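Contents: one structure, followed by commentary.
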Amino acid sequence: MTDDGQLELVPAGRRARPARAGESVEPASERPVAHLVVDTPLAHLDRLFDYAVPSALDDEVVPGCRVKVRFAGRLTDAFVVGRSDDSVHEGTLAPIVKVISPEPVLTPDTLALGRAVADRWAGTLPDVLRLAVPPRQARVEAKPSVPPSSPLSDVVDVTWQPWPDGPGFVAALAAGASPRACWSALPHRDPARAVAEAVLATVHSGRGAVVCVPDARDLAHWDAVFAEVLGPGRHVLLSAGEKPAARYRAYLAGARGAVPVVLGTRSAALAPVDRLGLVAIWDDGDDSYAEPRAPYQHAREVLLMRAARHGAGVLVAGFARTAEAQSLVASGWCADLVADPTTRRRAWPQVEVTDGSVDGGAPARLPREVFSAVRASEGPVLVQVPRRGYRTSLACQDCRTPARCRACEGPLVQAGREAAVTCRWCGTSASPWTCGECGSGRLRAPVVGQLRTAEEYAAAFPSRTVVTSGGTSVLDQVEGDDVLVLATPGAEPRVAGGYDVVVLMDTWLALGRDDVRVEEEAHRRWFNALALGRERRRAVVVGDPQGLQALVRVDPVGLAERELEIREQTHLPPVGRLAVVEGPPEVVAELADRTWPPAAEVLGPVPAPDSSLARLVLRVPRRDGAILSAQLRAVAAERSAAKLPPLRIRIDPHRF
DNA sequence: GTCATGTATCAA
DNA sequence: TGATACATGACC
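Mapping of the first sequence onto numbering that gives the first Met the number 0: residues 0 to 655, in sequence order.
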């Protein structure tokens with residue numbers, strides 16, 4: 000076409016900008032308009048932009064592919080989400096500069112999910128897509144994804160036998176139904192195998208599955224079990240730990256629909272899978288499921304959103320149970336997949352609690368019961384020791400109930416010995432403080448003690464091989480009947496056949512942490528450690544028997560029920576919806592005065608720890624969650640349009 | 001980053 | 001009045 004032809008595209012009354020070199024391009028004859036998600040960090044530009052499809056790129060500009068465009072003067076990456084005949088945009092359309100690759104990496108499902116995730120967590124679509132779609136690897140793309148060729152093995156449910164409703168759950172998946180359940184796993188029945196069996200059943204029904212595990216350590220084990228149960232090539236691994244090429248290869252296999260199962264860490268929750276039939280998550284209380292980058296979404300919630308959108312089955316699994324999982328059971332959305340009490344009691348170790356008294360001939364600082372239990376044991380021993388450096392909160396000196404703010408139930412802190420007691424969320428002063436449970440006026444700040452050194456244990460148990468796991472050196476597996484492992488929570492190594500004795504040291508330290516989820520989080524780590532014990536063997540817990548009933552009875556569901564009640568009373572997630580906004584004090588102060596949903600509680604602002612920023616907490620009933628997120632998105636858009644630095648907005652953060 | 005548009009400023 | 005300069009805001 001001539002230059003005159005180009006000018007005809009310009010609406011009357013507008014002067015055509017002189018075309019830059021190479022910009023004068025003929026538009027495609029069919030559907031010359033492409034709708035794009037442009038990769039910009041600016042919240043007010045979180046919408047689609049239309050560009051002209053040059054005829055030379057006609058074949059390659061397909062929905063889902065990556066392109067380069069000139070956006071606000073600079074070359075920018077973008078995803079094509081569709082093409083059409085015309086645009087609602089008034090002005091001239093800039094052309095797509097080039098197609099990075101015609102590979103449709105952004106599937107329609109991922110686009111819709113990304114939009115929903117951005118909306119719910121008050122973030123932007125490009126932020127989510129940057130997390131969801133791994134960087135391109137041209138070499139990987141050139142090769143076709145290989146679908147599995149081995150015959151699919153028959154549906155099995157052997158691992159599910161101890162759970163009365165387990166085989167039914169698997170059978171329903173195999174039949175193409177979409178059952179939803181929260182599952183209380185038991186020691187000695189490999190959860191990876193049980194989940195793999197559920198996934199196999201799903202694949203039998205012609206559908207796919209997404210399975211999330213907390214970290215790379217779990218991934219290696221689950222990968223091996225999945226390979227065994229599903230057969231070769233039926234699943235791919237997707238985690239940040241994989242090399243870029245492997246990660247992109249796995250992603251493409253899912254996006255192309257070549258492989259039905261994606262297994263991975265939190266980022267896998269966003270991975271494309273064709274005909275989704277099941278989402279599963281193991282140990283959903285692990286905080287590695289909380290994405291540390293904007294928009295700070297949580298893998299469990301993402302998976303639940305996907306299941307709801309696609310009518311897929313759900314398996315929220317763990318030795319422990321979160322209040323979030325329990326709320327799914329309480330609402331009836333998920334079934335409660337538990338073993339009968341007898342089976343449960345038999346599977347877990349026998350838990351005895353000791354107050355930690357050190358008299359009676361035991362070596363210094365080693366509780367007598369621990370000393371005798373380890374001495375009497377004939378197999379591997381696990382000693383879980385709390386990590387140092389917890390930020391601790393105040394509790395009643397007399398009844399040990401955590402001290403909470405009367406106004407908002409937030410944790411109380413005291414800056415110095417003579418300083419006022421204030422709430423860390425809303426800043427309300429609580430001085431003079433009295434305990435709501437027992438009326439005492441005495442506060443205590445739990446003091447974090449020194450970790451017992453490995454040398455002390457080695458001296459106390461000369462016949463043992465003492466090893467440590469935690470911090471920067473985490474052991475995956477240990478061997479030998481004489482091994483004694485000192486591990487921090489979450490770093491416990493596996494041992495073939497399980498530990499003969501499990502010791503949980505100084506449990507009060509974990510309970511003194513300054514966090515809403517102290518009880519849930521501490522119990523999760525204790526249950527996970529107990530699960531490594533041999534069947535019906537011993538566990539010794541050092542702590543106050545009063546607060547450890549759920550642990551003694553190994554009753555994760557009971558604990559979750561109690562925890563959920565507390566969340567109801569305190570309007571915390573999952574019952575309420577919380578937003579935590581951080582920014583410069585004057586900006587946050589202005590936000591506090593805005594009009595929020597009528598039922599909203601505005602807590603703060605208070606100074607954010609370790610920074611000069613201020614923090615505002617907004618708490619609304621769950622039904623107002625979407626409105627709150629939309630309002631916060633509008634605030635973000637307002638600021639980015641005014642070229643102001645972004646605020647940090649987190650919805651239902653796991654910790655803050 | 002860059003472009004279009006709006007508003008201020010000044011010489012003719 | 002019109003040319004020019006500079007600020008603004010949108011970004012296709």
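Even glycine gets a Cβ: it sits at the ideal position worked out from N, Cα and C.
For clarity, every value in this text was computed on a predicted model and none was experimentally measured.
Could you spell out the range, first to last residue, of the alpha helix (DSSP H) harbouring residue i?
i	result
residue 657	This structure cannot speak to residue 657, because the chain is shown only from 0 to 655.
residue 325	322-329
residue 548	548-551
residue 203	190-203
residue 351	Here residue 351 belongs to no alpha helix (DSSP H); instead the beta strand (DSSP E) covers 349-353.
residue 166	165-173
residue 70	No alpha helix (DSSP H) holds residue 70; the beta strand (DSSP E) holding it covers 65-70.
residue 218	215-229
residue 130	124-131
residue 342	340-346
residue 368	367-375
residue 140	137-141
residue 113	107-119
Looking at the unbroken beta strand (DSSP E) that takes in residue i, where does it start and where does it end?
i	result
residue 50	47-51
residue 81	73-83
residue 296	No beta strand (DSSP E) holds residue 296; DSSP gives it neither H nor E.
residue 628	Segment 624-640 is the alpha helix (DSSP H) holding residue 628; no beta strand (DSSP E) there.
residue 620	613-620
residue 253	First-last for residue 253: 243-254, but that is the alpha helix (DSSP H), not the beta strand (DSSP E).
residue 432	Looking at the DSSP string, residue 432 is not in any beta strand (DSSP E), and its letter there is neither H nor E.
residue 41	Here residue 41 belongs to no beta strand (DSSP E), and DSSP marks it neither H nor E.
residue 421	420-422
residue 383	380-383
residue 181	179-183
residue 88	Here residue 88 belongs to no beta strand (DSSP E), and DSSP marks it neither H nor E.
residue 643	Residue 643 -> no beta strand (DSSP E), and no H or E assigned at all.
Return yes when the Cβ of residue j is within less than 7 Å of the Cβ of residue i, no when it is not.
i	j	result
residue 193	residue 221	no
residue 624	residue 576	yes
residue 411	residue 393	yes
residue 327	residue 211	no
residue 474	residue 501	no
residue 63	residue 105	yes
residue 613	residue 587	yes
residue 121	residue 631	yes
residue 109	residue 45	no
residue 348	residue 188	no
residue 321	residue 378	no
residue 639	residue 41	yes
residue 580	residue 646	yes
residue 323	residue 569	no
residue 541	residue 353	yes
residue 101	residue 61	yes
residue 385	residue 505	yes
residue 417	residue 539	no
residue 162	residue 314	no
residue 420	residue 406	no
residue 615	residue 603	yes
residue 316	residue 281	yes
residue 86	residue 30	no
Between residue i and residue j, how many whole angstroms is the CB-CB distance? I'm expecting something under 8 Å.
i	j	result
residue 77	residue 52	Incorrect: roughly 12 Å between the Cβ atoms, too far for contact.
residue 260	residue 237	Not a contact, Cβ separation roughly 10 Å.
residue 618	residue 600	4 Å
residue 249	residue 266	Not quite, the Cβ-Cβ distance comes to about 11 Å (not below 8 Å), so this is no contact.
residue 657	residue 350	Nothing can be reported for residue 657, as the shown portion of the chain is limited to 0 through 655.
residue 247	residue 403	Their Cβ separation, rounded to whole angstroms, is 47 Å, which puts residue 247 and residue 403 out of contact at 8 Å.
residue 334	residue 178	7 Å
residue 213	residue 287	5 Å
Just to confirm, does residue i get its C-beta within under 6 Å of one of the non-hydrogen atoms of the ligand HEM?
i	result
residue 600	No copy of the ligand HEM appears in this structure; indeed no ligand is present at all.
- Item | Ranges of the alpha helix (DSSP H) found wholly within the segment 457-513, counting only runs of at least 4 | If we require 4 residues or more, the alpha helix (DSSP H) runs fully inside the segment 457-513 come out as 506-510.
- Any 3 or more C-beta pairs closer than 8 Å across the segment 95-103 and the segment 57-69: By the Cβ test, the segment 95-103 is in contact with the segment 57-69, since at least three Cβ pairs between them sit closer than 8 Å.
- Message: Across the segment 265-282 and the segment 203-216, are there enough close Cβ pairs to call them in contact, namely three or more that are closer than 8 Å?
- Response: The answer is yes - the segment 203-216 touches the segment 265-282, with three or more Cβ pairs under 8 Å.
- Query: At which residue ranges does the segment 565-605 contain complete alpha helix (DSSP H) runs of 4 or more residues, listed in the order of the chain?
  - Reply: As summarised for the segment 565-605, the continuous alpha helix (DSSP H) elements at least 4 residues long and confined to that stretch are 584-591, given in chain order.
- Item | Sufficient close CB pairs (3 or more, under 8 Å) joining the segment 142-151 to the segment 244-258 | At 8 Å Cβ cutoff, the stretches touch.
- Using 8 Å as the threshold, is the segment 539-559 in touch with the segment 511-530, meaning 3 or more CB pairs across them? Taking 8 Å as the limit for Cβ pairs, the verdict is that the segment 511-530 does touch the segment 539-559.
- Would you be able to state if there are at least three C-beta pairs under 8 Å between the segment 492-500 and the segment 464-481? Touching, yes, given that three or more Cβ pairs across the two stretches are closer than 8 Å.
- Message: With a threshold of 8 Å, are at least 3 pairs of Cβ atoms found where one atom belongs to the segment 111-118 and the other to the segment 298-306?
- Response: Yes, they touch.
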